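Colleague:
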Amino acid sequence: MQVKFWGTRGLVSAPRLSHKQYGGNTCCIEIKHNQQSIIIDAGFGISLLGDLFPLDEEHEFHILFTHFHWDHIQG
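My numbering puts the sequence shown at residues 11 to 85.
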């Protein structure tokens with residue numbers, strides 16, 4: 011099982027170089043096991059997850075929204 015934090019920033023994303031070390035994406039966490047992932051929240055981090063995921067790999071995704079504030083759904 012792997013856990014990856016694709017975004018941890020609060021309310022507003024900050025996609026600047028000065029934030030590159032720790033990230034500027036809003037909330038998105040992936041829990042991955044074999045060919046399945048649970049995605050917790052869909053902030054801007056989910057865009058990066060989608061961009062970097064191999065298209066030729068068969069995989070199942072489930073998305074859990076903790077709540078519906080913009081920083082958790084706007085990815």
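Ideal Cβ positions, reconstructed from N, Cα and C, are used throughout, including at glycine. None of the values given here were measured: they were computed from a predicted structure.
When the Cα atoms are used, what is the spatial distance from Gly20 to Asn44?
Modeller: If I take the Cα positions, the gap works out to 30 angstroms.
Colleague: In this structure, does DSSP put Leu74 in helix, strand or coil?
Modeller: Correct three-state label for Leu74: strand.
Colleague: From which residue to which residue does the alpha helix (DSSP H) around Gly20 run?
Modeller: Gly20 -> no alpha helix (DSSP H), and no H or E assigned at all.
Colleague: Enumerate in chain order the residues of its own chain whose CB-to-CB distance from Gly17 is below 7 angstroms, with the five nearest sequence positions on each side excluded.
Modeller: Gly33, Asn35, Thr36, Cys37, Cys38, Gly53, Phe54 and Gly55, listed in sequence order.
Colleague: Under 6 angstroms Cβ to Cβ from Ile50, same chain only, skipping five residues before and after it: list those, please.
Modeller: Within the same chain, Ile50 has close Cβ partners Ile39 and Leu74.
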